[in-house]
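I have placed the structure first, in the form of structure tokens, so that the comments after it can refer back to it.
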Amino acid sequence: MKRLSIIKQPVLSVLNVHLVDYPSPSNINYFWSFGSIAGICLIVQIATGIFLAMHYTPHVDLAFLSVEHIMRDVEGGWFLRYMHANGASMFFIVVYIHMFRGLYYGSYASPRELLWCIGVVILLLMIITAFIGYVLPWGQMSFWGATVITSLASAIPVVGDSIVTWLWGGFSVDNATLNRFFSLHYLLPFVIVGASVIHLAALHQYGSNNPLGTNSTVDKVGLYPYFYVKDLVAWVAFAIFFSVFIYFYPNVLGHPDNYIPANPMSTPAHIVPEWYFLWVYAILRSIPNKLAGVAAIALVFISLLALPFINTSPIRSSNFRPFHKKFFWLIVADTLLLSWIGQQPVEDPYILVGQCASVFFFIYFLIMVPFLGRFENYLIHYKTR
Amino acid sequence: MGKVPIRLREVVYTLSPFQQSVMNGLWKDLPHKAAHHMHNLRDAVLFCVAPIAGIAYYCADFKEKEKLHHRY
Chain A
1 MKRLSIIKQP
11 VLSVLNVHLV
21 DYPSPSNINY
31 FWSFGSIAGI
41 CLIVQIATGI
51 FLAMHYTPHV
61 DLAFLSVEHI
71 MRDVEGGWFL
81 RYMHANGASM
91 FFIVVYIHMF
101 RGLYYGSYAS
111 PRELLWCIGV
121 VILLLMIITA
131 FIGYVLPWGQ
141 MSFWGATVIT
151 SLASAIPVVG
161 DSIVTWLWGG
171 FSVDNATLNR
181 FFSLHYLLPF
191 VIVGASVIHL
201 AALHQYGSNN
211 PLGTNSTVDK
221 VGLYPYFYVK
231 DLVAWVAFAI
241 FFSVFIYFYP
251 NVLGHPDNYI
261 PANPMSTPAH
271 IVPEWYFLWV
281 YAILRSIPNK
291 LAGVAAIALV
301 FISLLALPFI
311 NTSPIRSSNF
321 RPFHKKFFWL
331 IVADTLLLSW
341 IGQQPVEDPY
351 ILVGQCASVF
361 FFIYFLIMVP
371 FLGRFENYLI
381 HYKTR
Chain B
1 MGKVPIRLRE
11 VVYTLSPFQQ
21 SVMNGLWKDL
31 PHKAAHHMHN
41 LRDAVLFCVA
51 PIAGIAYYCA
61 DFKEKEKLHH
71 RY
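In order, the protein sequences belong to chains A and B. Using full-length UniProt numbering, the letters of the first sequence correspond one by one to residues 1 to 385. Using full-length UniProt numbering, the letters of the second sequence correspond one by one to residues 1 to 72.
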């Protein structure tokens, strides 16, 4: 019996179809490189995380000291730790750009609904993983951030307090909490890998979108070598950007209070989450009622999940949607503003600005997306009548 | 035997994008291209940078007036 060519072997043929011969639209620009960069970030986080876990001790008396041990005593430990800590920030920067690219070029629109929804699930998993990862160094901001955010579950009527006790594994954030967070922080990245594989499978079912937003079935070229070479340029640029943070500004994206060991008897003046959660945190704080705040966060993710289903525009790319293009830039500005407000003290004028920005966020996703599609569609028909 | 050796310089020239003339249009109509890109950026400046700058200015002004109000 004749042996099959090596790339026609069962497993390798799948890799060949999806990672080598995958037909990609010839006109995709550098914003399409952020998907592969996100994949690199995930691999970097898992690789550095595995080595950090070899030296880390998940115990309230030793966690902070073990991180200092990694920084001072472990050969190259400082590099691993800075790479992991800044890698989380890089991962979020890349994923946010990836999402906004999808929003601008309408990559979420039919028939790629599943692709977008899995992406939102990955974002949610990333947020949970990053949050519990930030607790592990057991600094002041780790402890108090964990206390504030896990306490949000107490807003749920009837079962809220029981859920908080269940999350903590006791009656306060303590050793049991740290242990389960460490365990979950090790597990969840592998769940993200699984979700990413499904994300890729959903992408390859209908193929990549392109800057024109048209259904391109003819103008395609192989992923290898064309987009490997193009992505390589983006990967090198990203590596330089990442390196600047690791080698020159390793703590600029973190909070200085996290270099103080956790002290349950001393609450920091301002408890702020990591920068990549600030936009959600600002929405949470803009609502005076705790339960309504938690419901607003849930609504953020429901809005993102609902986006492909409430979109009414037959045109994908915002290059050809003059009104949506303006609103796209407004939602970018709104998200940046929310991130800025999230780190300000809760006082005037930041409260008002945060509330207005939160309202606009929901207006965009729940009202403007369906309305603008219909409105622009009407204008097209009016013009061509 | 039978194979004609290919000189490396010829291979390099063949692969070079300049030899293939694939970038002929790169410098063509450059002012128009620049103007087109600037026009595309206009929306980003008007609807992204301007609101952020405006609101940041409003907040700074508010805090300054509040400070002066408490002082005098």
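All residues carry an ideal CB built from backbone N, CA and C; glycine is no exception.
With contact counted as at least three CB pairs below 8 Å, one residue from each stretch, are the segment 93 to 113 of chain A and the segment 15 to 34 of chain A in contact? yes
At the 7 Å Cβ level, is B/M44 part of the contact set with chain A, yes or no? To locate residue 44 of chain B, count along the second sequence from 1; it is residue 44. The question names Met, yet the displayed sequence has Ala at residue 44 of chain B. Residue contact check for B/A44 against chain A: a CB pair falls below 7 Å.
If you follow the alpha helix (DSSP H) that A/K383 is part of, which residue opens it and which one closes it? Counted from its first residue, the first sequence places residue 383 of chain A at position 383. Where A/K383 is concerned, the enclosing alpha helix (DSSP H) stretches over 369 to 384.
Since A/S303 contacts A/L366 with CB under 8 Å, what's their CB separation in whole angstroms? Counted from its first residue, the first sequence places residue 303 of chain A at position 303. Counted from its first residue, the first sequence places residue 366 of chain A at position 366. A/S303 to A/L366, Cβ: 6 Å. Contact.
Hey, A/L125 and A/I198 are a contact pair by Cβ (cut 8 Å); roughly how many whole angstroms apart? Stepping through the first sequence from its first residue, residue 125 of chain A is reached at position 125. Stepping through the first sequence from its first residue, residue 198 of chain A is reached at position 198. Incorrect: roughly 12 Å between the Cβ atoms, too far for contact.
Taking C-beta pairs closer than 9 Å, name the residues in chain A that B/Y58 reaches, listed in chain order. The residue labelled residue 58 of chain B in the question sits at position 58 within the second sequence. The answer, in chain order, is P349, V353.
Where A/I46 and A/S196 are concerned, what is the direct C-alpha to C-alpha distance, given to the nearest angstrom? The residue you call residue 46 of chain A lines up with position 46 of the first sequence. The residue you call residue 196 of chain A lines up with position 196 of the first sequence. Their backbone Cα atoms lie some 14 Å apart in a straight line.
Cβ pair count under 8 Å reaching 3, the segment 74 to 83 of chain A against the segment 293 to 309 of chain A: Verdict: no, contact absent.
Strictly under 7 Å for the Cβ-Cβ distance: is A/A292 near chain B by that measure? Locating residue 292 of chain A in the first sequence gives position 292, counting from the first residue. No, A/A292 lies away from the interface with chain B (no Cβ there is under 7 Å from its Cβ).
So what's A/S208 in DSSP terms, helix, strand or just coil? Reading the first sequence from its first residue, position 208 is the one you call residue 208 of chain A. In the structure shown, A/S208 sits in coil (DSSP, three-state: anything other than H, G, I, E or B).
Compare the C-beta of A/W329 against all C-beta atoms of chain B and say whether one is closer than 7 Å. The count along the first sequence starts at 1 and reaches residue 329 of chain A at position 329. Cβ-Cβ to chain B under 7 Å: yes for A/W329.
Taking buried to mean at least 16 other C-beta atoms within 10 Å of its own C-beta, is A/K325 buried or exposed? By 1-based counting over the first sequence, the position of residue 325 of chain A is 325. Buried.
Beta-carbon proximity check, A/Q343 vs A/V272, cutoff 7 Å: Position 343 of the first sequence, counted from the start, is the residue given in the question as residue 343 of chain A. Position 272 of the first sequence, counted from the start, is the residue given in the question as residue 272 of chain A. Result yes, Cβ atoms of A/Q343 and A/V272 sit closer than 7 Å.
Can you look up A/V233 in the DSSP assignment and give me helix, strand or coil? Taking the first residue of the first sequence as 1, we reach residue 233 of chain A at position 233. Looking at A/V233 - three-state DSSP - the assignment turns out to be helix.
Does the CB of A/L336 have a neighbour CB from chain B at under 7 Å? Your numbering for residue 336 of chain A matches position 336 in the first sequence. Yes, contact with chain B.
Whether or not the segment 44 to 56 of chain B and the segment 320 to 340 of chain A are in contact is what I'm after, with contact meaning three or more pairs of Cβ atoms, one per stretch, closer than 8 Å; do they touch? Contact holds: three or more Cβ-Cβ distances are below 8 Å.
Under 9 Å, CB to CB, which of the residues in the segment 25 to 53 of chain B have a partner in chain A? N40, D43, A44, V45, L46, F47, C48, V49, A50, P51, I52
Quick check on DSSP: helix, strand or coil for A/S24? Locating residue 24 of chain A in the first sequence gives position 24, where the first residue counts as 1. Strand.
Taking C-beta pairs closer than 9 Å, name the residues in chain B that A/A333 reaches, listed in chain order. For the purposes of this step, residue 333 of chain A is taken as the residue at position 333 of the first sequence. Chain-order list of chain B residues neighbouring A/A333: F47, C48, V49, A50, P51, I52, I55, by C-beta distance under 9 Å.
Does the ligand ADP have even one heavy atom less than 6 Å from the beta-carbon of A/S358? Absence of the ligand ADP is noted for the structure shown, with no ligands found whatsoever.
Three CB pairs or more closer than 8 Å across the segment 113 to 128 of chain A and the segment 199 to 217 of chain A: yes
Between A/I367 and chain B, is the shortest Cβ-Cβ distance under 7 Å, so that the two count as touching? Within the first sequence, numbered from 1, the residue matching residue 367 of chain A stands at position 367. By this cut-off, A/I367 is not an interface position.
Following the continuous alpha helix (DSSP H) through A/V300, name the residue where it begins and the one where it ends. Position 300 of the first sequence, counting from 1, holds the residue named residue 300 of chain A. Taken as a continuous stretch (DSSP letters only), the alpha helix (DSSP H) holding A/V300 covers 290 to 310.
Buried or exposed by the 16-neighbour rule on C-beta atoms within 10 Å, applied to B/E64: For the purposes of this step, residue 64 of chain B is taken as residue 64 along the second sequence, with counting starting at 1. Burial call: exposed.
Assign B/V45 to one of three DSSP states: helix, strand, or coil. In the second sequence, counting from the first residue as 1, residue 45 of chain B sits at position 45. Here B/V45 sits in helix by DSSP.
Contacts of A/K325 in chain B (Cβ-Cβ under 7 Å): On the first sequence, position 325 is the one that residue 325 of chain A refers to. Chain B residues near A/K325: D43.
Going by other Cβ atoms of all chains shown within 10 Å of its Cβ, with 16 needed for buried, is B/M38 buried or exposed? Within the second sequence, numbered from 1, the residue matching residue 38 of chain B stands at position 38. When all chains shown are included, B/M38 counts as exposed.
Can you find the residues in the same chain that come closer than 6 Å, C-beta to C-beta, to A/L167, ignoring five residues on each side of it along the sequence? Taking the first sequence and counting its residues from 1, the one referred to as residue 167 of chain A is at position 167. Around A/L167: T150.
Inspect the beta-carbon positions of A/T147 and A/V173 and report whether they are closer than 7 Å. Residue 147 of chain A sits at position 147 when you count from the first residue of the first sequence. Residue 173 of chain A sits at position 173 when you count from the first residue of the first sequence. Contact flag set, yes.
Unbroken stretches of the alpha helix (DSSP H), 4 residues or longer, contained in the segment 133 to 208 of chain A: 140 to 151, 160 to 168, 175 to 206
Check whether the segment 262 to 270 of chain A and the segment 139 to 146 of chain A are in contact - that is, three or more C-beta pairs closer than 8 Å. yes
If you draw a straight line from the alpha carbon of B/M1 to that of B/R7, how long is it in whole angstroms? By 1-based counting over the second sequence, the position of residue 1 of chain B is 1. By 1-based counting over the second sequence, the position of residue 7 of chain B is 7. Reliability fails at B/M1, whose pLDDT of 49 lies under 50, so the model's placement of it is uncertain and no value is given.
Since A/P345 contacts A/N258 with CB under 8 Å, what's their CB separation in whole angstroms? Within the first sequence, residue 345 of chain A is the residue found at index 345, counting from 1. Within the first sequence, residue 258 of chain A is the residue found at index 258, counting from 1. Rounded, the Cβ-Cβ distance is 19 Å, inconsistent with contact.
Judging by CA-CA distance, which residue of A/G102, A/Y364, A/I363, A/T57 is the nearest neighbour of A/S183? The sequence position of residue 183 of chain A within the first sequence is 183, counting from 1. It is A/T57.
Quick one: is B/M1 near chain A, going by C-beta distance under 7 Å? Indexing the second sequence from 1 puts residue 1 of chain B at position 1. At B/M1, the pLDDT of 49 sits below 50, so the modelled position is not reliable; the number obtained from the coordinates is stated separately. No - not a single Cβ of chain A is within 7 Å of the one on B/M1.
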